[in-house]
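Chains as they are written, first to last, in my numbering: chain A, 1 to 275; chain B, 1001 to 1456. For every residue, glycine included, the Cβ atom is placed at its ideal position computed from N, Cα and C. Please read these numbers as outputs of a predicted model, since none were measured by experiment.
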């Protein structure tokens, strides 16, 4: 059982959850994920850790209500418990050796780049960040990103906040203005990560993306999270979740992500009682 | 000596059982069990015991059945085996104890497996005294709660160790809960066996991945001995075109969704794709489990594709018989070339094979018959090709020596790894094998730990 210590609503359907999870916080590093179950017969669902406090033993997750599990979680109140959580799983991001780093977050994916930004700032190498969202209300962690970056850029698809455009528009503009990056780390919806990788390929900039694949155990056993990277089958849970964005077969990964969509929607309808 | 032929166990009718997840074999009733026990000749030098990886004193427990003392029979088995209700169901007795029974030519070998199951089930439903344990002041950590880990845990607990088992999943049992289906091994029964371990004082820490949540080196600081029983590992694929299409599962994933996550129950939170025309690739027990599970979900056609012939099929004969009776069609001497489909599976292109010269495994090597390609229409493909070792623990502890294939290197005699006081056994060492061999390894490691730490 893990206690929900704090819940903060960040935007429509997105909440920040702080969980009591001392065993997980102890070894957790930026880039790693956990798998949780809300109740005893619940599904195992992976979420990337977006912050951790080793001293008080907490981890923070940013979760958007999309399916049955996330809806059940959204119904929980502070002080209540979820059934279980396992982690930290996957490999940690290691950006320490780079000097000029661009982090890109799209939508809820911006949560995933936060621990990297915080870490790089703490070792004296603050990064540049672009965060993009559909509209103003979906921009999250603005103050946190500002405080933990060298340059922070916001773009919105509809132009409702700061600057109209996609993350790729902004990145291209910066590169064309002469900005130099050793590495781009992009996390967000797969079409966004693909677009970033396509752009950086032209500029010859190493690009790493984080795959939030469908998985069951998260320790290499089921193979459900397999992605094709450079023509080879890799497992997001033990080989990833981060991979070379120029090597990933995004079209295949996007198709795999849709595998259970119909069943998932049917299940959510049943939960809401409108079926 | 009685000349009675071997008694058969009761089974659910094939047509009915292919539509439900209830146990296929119903075991012996008391009368049949007594009659079967009478067939045992109580050999002075019993060959059957030599065939048992954990050395159960078979004539002894059978003699208790003959005498009507089932509690005595339970105690006799428990001297050597900690999971008899499991072994009585999933052990390949036909190639172990029963293969050596002297009655083979006198009406068939004694049905040792069915008798073990009968006794074990009695033990689970009746309060059987557990022996008093004297604590020895030592602590052991067991990584993984599958057959090898549970066996090692039980033997060490009986010897007075404080034992903690670390399990990555939210439920204990390893392959017994995520892999073997309900219709072959009811999960309530696995839980009952695990509850017996808890009665011995064994602590089970769920949701704990050693190498991630806690490191092997941390365990070595807190425990006198560590046993690694992490199991088989990553599912293998064929590296043919189309394997990442929607509708292609590894047998591990398919069975875990069904068994551990209970996707066979209506309203399960965990989804599974229900196939109408299903092709399973492989011919081991896992392939049979996947094929028979697909039938139970209501698939119209389930074919099993295997590149060699019936003789080389690694599955137990009984499992193959059950599968065929239920309607699984075997496509032998057939090898997949490509999985067809745009976004989801629509078929599998195969080629017929013939057997050529023996290969390094001693089995005749299958060779393609040119021009014999054909397509099986299907909407689901389940790959049951075995597994490769899991790199997770090794990556977190470089000192742990593994061989070229990635399985953990041990001293054959003691099961000790390259790290002092760290032992290993089961599939993590051997690659995919059987429940009972894993149990044998857990037992041998426990014995070596007791000797090294001077506990008697």
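Distance CB(residue i)-CB(residue j) smaller than 8 Å
i                      : j                      : result
residue 1279 (chain B) : residue 1348 (chain B) : yes
residue 1167 (chain B) : residue 1086 (chain B) : no
residue 1093 (chain B) : residue 1062 (chain B) : no
residue 1339 (chain B) : residue 1353 (chain B) : no
residue 41 (chain A)   : residue 1269 (chain B) : yes
residue 28 (chain A)   : residue 59 (chain A)   : yes
residue 1156 (chain B) : residue 1163 (chain B) : yes
residue 1009 (chain B) : residue 1028 (chain B) : yes
residue 1323 (chain B) : residue 1363 (chain B) : no
residue 1263 (chain B) : residue 1277 (chain B) : no
residue 1283 (chain B) : residue 1313 (chain B) : yes
residue 117 (chain A)  : residue 127 (chain A)  : yes
residue 1209 (chain B) : residue 1153 (chain B) : no
residue 276 (chain A)  : residue 18 (chain A)   : Within the shown structure, residues of chain A are numbered from 1 to 275, placing residue 276 (chain A) beyond reach of any answer.
residue 1100 (chain B) : residue 1047 (chain B) : yes
residue 1302 (chain B) : residue 1281 (chain B) : no
residue 1076 (chain B) : residue 1060 (chain B) : yes
residue 99 (chain A)   : residue 121 (chain A)  : no
residue 1290 (chain B) : residue 1232 (chain B) : no
residue 1438 (chain B) : residue 1416 (chain B) : no
Under 7 Å from the C-beta of residue i: neighbouring residues of chain B
i                     : result
residue 228 (chain A) : 1244
Neighbour list for residue i in chain A, Cβ cutoff strictly below 7 Å
i                      : result
residue 1021 (chain B) : Near residue 1021 (chain B) there are no residues of chain A at all, since even the closest Cβ is about 16 Å away, more than 7 Å.
residue 1257 (chain B) : 216
residue 1270 (chain B) : 43
residue 1253 (chain B) : 216, 222, 223, 224
residue 1237 (chain B) : 233
Interface residues of chain B facing residue i [CB-CB closer than 9 Å]
i                    : result
residue 84 (chain A) : 1170, 1206, 1207
residue 27 (chain A) : 1212, 1213, 1214, 1215
For residue j and residue i, believed in contact at Cβ under 8 Å, the rounded distance
i                      : j                      : result
residue 46 (chain A)   : residue 33 (chain A)   : 5 Å
residue 1074 (chain B) : residue 1123 (chain B) : 4 Å
residue 215 (chain A)  : residue 227 (chain A)  : Not a contact, Cβ separation roughly 11 Å.
residue 207 (chain A)  : residue 246 (chain A)  : 6 Å
residue 167 (chain A)  : residue 190 (chain A)  : In fact, because the Cβ distance is near 13 Å, the residues do not count as touching under 8 Å.
residue 13 (chain A)   : residue 64 (chain A)   : 5 Å
residue 89 (chain A)   : residue 222 (chain A)  : Going by Cβ atoms, the distance from residue 89 (chain A) to residue 222 (chain A) rounds to 13 Å, so no, they are not a contact pair.
residue 1274 (chain B) : residue 1345 (chain B) : That pair is no contact at about 13 Å.
residue 1179 (chain B) : residue 1147 (chain B) : So it is not a contact: roughly 11 Å between Cβ atoms.
residue 1161 (chain B) : residue 1024 (chain B) : About 37 Å separates the two Cβ atoms, so there is no contact after all.
residue 1041 (chain B) : residue 1117 (chain B) : In fact, because the Cβ distance is near 21 Å, the residues do not count as touching under 8 Å.
residue 1272 (chain B) : residue 1257 (chain B) : 5 Å
residue 130 (chain A)  : residue 170 (chain A)  : 5 Å
residue 1409 (chain B) : residue 1401 (chain B) : 4 Å
residue 1441 (chain B) : residue 1426 (chain B) : 5 Å
residue 85 (chain A)   : residue 5 (chain A)    : The Cβ separation is near 13 Å, so there is no contact.
residue 1373 (chain B) : residue 1365 (chain B) : 19 Å between Cβ atoms; not a contact.
residue 1181 (chain B) : residue 1260 (chain B) : Contact flag wrong, Cβ pair sits at about 11 Å.
residue 185 (chain A)  : residue 95 (chain A)   : 7 Å
Under 8 Å by beta carbon: chain A residues contacting residue i
i                      : result
residue 1390 (chain B) : 219, 220, 221, 238
residue 1234 (chain B) : 220, 221, 223, 235, 238
residue 1277 (chain B) : Chain A residues near residue 1277 (chain B): none, gap ~18 Å exceeds 8 Å.
residue 1261 (chain B) : 43, 44, 216
residue 1250 (chain B) : 222, 223, 224
residue 1297 (chain B) : Per Cβ cutoff of 8 Å: no residues; residue 1297 (chain B) is ~13 Å from chain A at best.
Within chain B, the residues that residue i reaches when beta carbons sit closer than 8 Å
i                    : result
residue 88 (chain A) : 1212, 1213
residue 23 (chain A) : 1208, 1213, 1214
residue 37 (chain A) : 1170
Amino acids of chain A, ordered along the chain, whose beta-carbon sits closer than 9 Å to that of residue i
i                      : result
residue 1002 (chain B) : What residue 1002 (chain B) touches in chain A: nothing, since even the nearest Cβ is about 48 Å away.
residue 1343 (chain B) : 255, 258
_Length-filtered (3 minimum) beta strand (DSSP E) runs lying within the region 1013 to 1088 of chain B_ = Whole beta strand (DSSP E) segments, 3+ residues: 1025 to 1027.
*Residue ranges of each beta strand (DSSP E) within the region 1221 to 1245 of chain B, 3 or longer*: Within the region 1221 to 1245 of chain B, the beta strand (DSSP E) runs of at least 3 residues that lie entirely inside it are, in chain order, 1225 to 1228.
*Just by C-beta distance, which residues in the region 245 to 263 of chain A are closer than 7 Å to chain B?*
Going along the region 245 to 263 of chain A in chain order, one finds 252, 255, 256, 259, 260, 263 with a Cβ nearer than 7 Å to chain B.
*Taking a Cβ distance cut-off of 7 Å, strictly less, list which residues of the region 1133 to 1163 of chain B are near chain A, in chain order.*
Close to chain A, meaning a Cβ-Cβ distance shorter than 7 Å, is no residue of the region 1133 to 1163 of chain B at all.
_Give the list of continuous beta strand (DSSP E) stretches no shorter than 3 residues that lie fully inside the region 46 to 82 of chain A._
Complete beta strand (DSSP E) runs here, min 3: 51 to 53, 58 to 64.
*Whole alpha helix (DSSP H) runs in the region 1236 to 1308 of chain B with 4 or more residues, listed along the chain?*
Fully contained in the region 1236 to 1308 of chain B are the following alpha helix (DSSP H) runs of length 4 or more, in chain order: 1251 to 1259, 1285 to 1296.
_chain B contacts from the region 49 to 76 of chain A (Cβ-Cβ distance under 8 Å)_ = Residues 68, 69.
*asked:* Please give the ranges of any alpha helix (DSSP H) in the region 1357 to 1411 of chain B, keeping only runs that are unbroken, at least 4 residues long and fully inside the region.
replied: Correct list: 1392 to 1396.
*Where are the alpha helix (DSSP H) runs, 4 residues long or more, that stay fully inside the region 159 to 197 of chain A, in chain order?*
The region 159 to 197 of chain A contains these whole alpha helix (DSSP H) runs: 167 to 176.
*Please go through the region 1098 to 1152 of chain B and give each complete beta strand (DSSP E) segment of 3 or more residues, from N-terminal end onward.*
Within the region 1098 to 1152 of chain B, the complete beta strand (DSSP E) runs of at least 3 residues are 1139 to 1143.
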